[in-house]
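Student: Sharing a structure with you now.
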Amino acid sequence: MTELSKKDALVQYAAQIGDNGLIIGHRMSEWCFRAPALEMEIALMNCALDLIGQARELYTYAAVTQDEGKSEDDFAYLRDEQDFRNLLLTEVPNGDWGDTIVRLFLMSAYNKLFYTALANSKDAQLAAIGAKSIKEVIYHQRFSSEWLIRLGDGTPESHDRVQKSLDTLWAYTGELFTMTDAETLLLADGIAVDVTALKADWDQVVSDVLTQATLTVPADLWPQLGSKAEGRHTEHFGFIITDMQFMQRRYPGCEW
Amino acid sequence: MTEKEWPLWEVFIRSKAGLDHKHCGSVHASDAEMAMEAARDVYTRRSEGISIWVVPSNAISASKPEDKESLFEPADDKIYRHPTFYDIPKGAGKM
Chain W
1 MTELSKKDAL
11 VQYAAQIGDN
21 GLIIGHRMSE
31 WCFRAPALEM
41 EIALMNCALD
51 LIGQARELYT
61 YAAVTQDEGK
71 SEDDFAYLRD
81 EQDFRNLLLT
91 EVPNGDWGDT
101 IVRLFLMSAY
111 NKLFYTALAN
121 SKDAQLAAIG
131 AKSIKEVIYH
141 QRFSSEWLIR
151 LGDGTPESHD
161 RVQKSLDTLW
171 AYTGELFTMT
181 DAETLLLADG
191 IAVDVTALKA
201 DWDQVVSDVL
211 TQATLTVPAD
221 LWPQLGSKAE
231 GRHTEHFGFI
241 ITDMQFMQRR
251 YPGCEW
Chain B
257 MTEKEWPLWE
267 VFIRSKAGLD
277 HKHCGSVHAS
287 DAEMAMEAAR
297 DVYTRRSEGI
307 SIWVVPSNAI
317 SASKPEDKES
327 LFEPADDKIY
337 RHPTFYDIPK
347 GAGKM
């Protein structure tokens, strides 16, 4: 196996963080015209646009670093399934409102810790993207926490259903705290975030909100892994990029 | 399953420091915290505000449209209630 250069590692790293934003942002955008209330639809679209905005900045930085004449669009629209290294948690289907809220909550709690750490990166551009994104994800965490508390501490039906959402999605949270080779390489230079070190804080934030929501923290069983390290996705992922990339694949270079 | 609408809240936004909060619309929400978030998401997404008030709509007592004549029309011919009705003496200078 060839040695990973620092440049390639940085491209991979920026793109991989961007993948998280793009894929969860796309999932949230699927609620457009389908949310249970106008207020909730706009809230989710605001979150989606924040997350896709983060992806754009990261893809642009990846493209500039790569220096092969590519743009953010190449990263979003012209890569294949295995090139995407988003966390599996971001790609699983929206499910019902409770599933969507639980996913957003688990991911936002992580994003807040992650971007806070990234803001201290020795890489100035990543640090700037981190600092800007913190404000956005703090609101996502607030919005999803308030919903989670109301669903968990709501009716017996909402409690049981959202506990089930949590139990199902929990298997995907192990991957949040795994390191890729690129991350390990960049961590030595103070560029990448040590995500293994975020776990204790994340556990604390999550269990505080779940306690308020009268929900039970699921046990850490066998984690679902594969996308972040190797681009091995769930069976749902292909449908996302089929939908998302259709225009650029069908009409290459199309602009509007 | 019971179909229940969330209560209605009136939203007031202060657009910048020094200005008053102005009524800008309403949202449906289960409680004050959720109404605050809904107001943020619906009414400040284009940087319209720096402060939000939400008030339960049913806490507002409003005048009745049919009382319009007796409440407001009597003021229409009392033009002397406007400062512009009075001539300012030259010696007073600019007001």
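Heads up: the sequence lines are chains W and B, in that order.
The numbering of the first sequence is this note's numbering, which starts it at 1 and goes up by one.
The numbering of the second sequence is this note's numbering, which starts it at 257 and goes up by one.
Think of the CB as a built atom: it goes at the ideal place given N, C-alpha and C, for glycine as much as any other residue.
All figures in this text were calculated on a predicted structure; none of them were measured in a lab.
1) Does residue 302 (chain B) come within less than 8 Å of chain W when only Cβ atoms are used?
2) Is the beta carbon of residue 126 (chain W) less than 8 Å from the beta carbon of residue 118 (chain W)?
3) Could you spell out where the alpha helix (DSSP H) holding residue 156 (chain W) opens and where it closes?
4) Beta strand (DSSP E) containing residue 282 (chain B): first to last residue?
5) Helix, strand or coil: which one does DSSP assign to residue 257 (chain B)?
6) Determine, using beta carbons only, whether residue 325 (chain B) comes closer than 8 Å to chain W.
7) Counting only beta-carbon atoms, is residue 143 (chain W) nearer than 8 Å to chain B?
8) Could you pull the start and end residues of the beta strand (DSSP E) that residue 268 (chain B) belongs to?
9) So with Cβ pairs under 8 Å, would you call residue 307 (chain B) a contact of chain W?
10) Rounded to the nearest angstrom, what separates residue 336 (chain B) and residue 144 (chain W) at their Cα positions?
11) List the residues of chain W that residue 266 (chain B) touches, going by C-beta distances under 9 Å, in chain order.
12) Report the start-end ranges of each beta strand (DSSP E) in the segment 302-341 of chain B that is 3 residues or longer and not cut off at the edges.
13) Report back the beta-carbon spacing between residue 186 (chain W) and residue 87 (chain W) to the nearest angstrom; my notes put them in contact at under 8 Å.
14) Anyone know if the C-beta pair for residue 183 (chain W) and residue 13 (chain W) falls short of 8 Å?
15) Output yes if chain C places a C-beta closer than 8 Å to the C-beta of residue 161 (chain W); else output no.
16) When the distance is taken between beta carbons, is residue 75 (chain W) closer than 8 Å to residue 18 (chain W)?
17) Given 8 Å as the limit, is there contact between the segment 155-174 of chain W and the segment 319-338 of chain B, that is, 3 or more CB pairs closer than that?
18) Which chain W residues are close to residue 293 (chain B), counting only those with a beta carbon under 8 Å from its beta carbon?
19) Please confirm whether residue 136 (chain W) has its beta-carbon closer than 8 Å to some beta-carbon of chain B.
20) Is residue 137 (chain W) near residue 108 (chain W), with beta carbons less than 8 Å apart?
21) Quick one: any contact between the segment 96-104 of chain W and the segment 226-243 of chain W, if contact means 3 or more CB pairs under 8 Å?
22) Please confirm if residue 279 (chain B) has its CB atom under 8 Å from at least one CB of chain W.
23) When the cut-off is 8 Å and only beta carbons count, does residue 94 (chain W) lie next to chain B?
24) Could you spell out where the alpha helix (DSSP H) holding residue 172 (chain W) opens and where it closes?
25) In this structure, does DSSP put residue 23 (chain W) in helix, strand or coil?
26) Distance cutoff 8 Å, beta carbons only. Does residue 297 (chain B) sit that close to anything in chain W?
27) Please tell me whether residue 313 (chain B) has its Cβ less than 8 Å away from any Cβ of chain W.
28) Name the chain B residues that come within less than 7 Å of residue 150 (chain W), Cβ to Cβ?
29) Below 8 Å on C-beta distance, what does residue 283 (chain B) contact in chain W?
30) Using the rule of at least 16 other Cβ atoms within 10 Å of the residue's Cβ for burial, across every protein chain shown, is residue 84 (chain W) buried or exposed?
31) Output the distance between the C-alpha atoms of residue 40 (chain W) and residue 150 (chain W), rounded to the nearest integer angstrom.
32) State the start and end residues of the unbroken alpha helix (DSSP H) segment that holds residue 39 (chain W).
33) Let me check you understand the geometry: is the CB of residue 196 (chain W) closer than 7 Å to at least one non-hydrogen atom of the ligand FMN?
34) With DSSP run on the structure shown, which of helix, strand or coil describes residue 229 (chain W)?
Tutor: This is what the structure holds:
1) Not closer than 8 Å to any Cβ of chain W, the Cβ of residue 302 (chain B) fails to qualify, so no.
2) yes
3) 156-169
4) 277-284
5) Because residue 257 (chain B) carries a pLDDT of 49, less than 50, the predicted location of this residue cannot be relied on, and the following value inherits that uncertainty. It is coil, neither helix nor strand.
6) no
7) yes
8) 264-270
9) no
10) The C-alpha of residue 336 (chain B) lies about 57 Å from the C-alpha of residue 144 (chain W).
11) Those do not exist, as residue 266 (chain B) stays about 14 Å from chain W at its closest Cβ, beyond 9 Å.
12) List check, beta strand (DSSP E) in window: 307-312.
13) So it is not a contact: roughly 18 Å between Cβ atoms.
14) yes
15) Absence of chain C from the displayed structure is noted, the protein chains being W and B.
16) yes
17) With the rule of 3 Cβ pairs closer than 8 Å, the segment 155-174 of chain W does not count as touching the segment 319-338 of chain B.
18) 43, 142, 143 and 146
19) no
20) yes
21) no
22) no
23) Taking CB atoms only, residue 94 (chain W) has no neighbour in chain B less than 8 Å away.
24) No alpha helix (DSSP H) contains residue 172 (chain W), which DSSP labels as neither H nor E.
25) In the three-state reduction of the DSSP assignment, residue 23 (chain W) falls in the helix class, which pools H, G and I.
26) yes
27) no
28) Listed along chain B are 286, each with a C-beta nearer than 7 Å to that of residue 150 (chain W).
29) 39
30) Buried: at least 16 other Cβ atoms inside 10 Å.
31) 14 Å
32) 38-66
33) In the structure shown, the ligand FMN is absent, as is every other ligand, since no ligand is present at all.
34) helix
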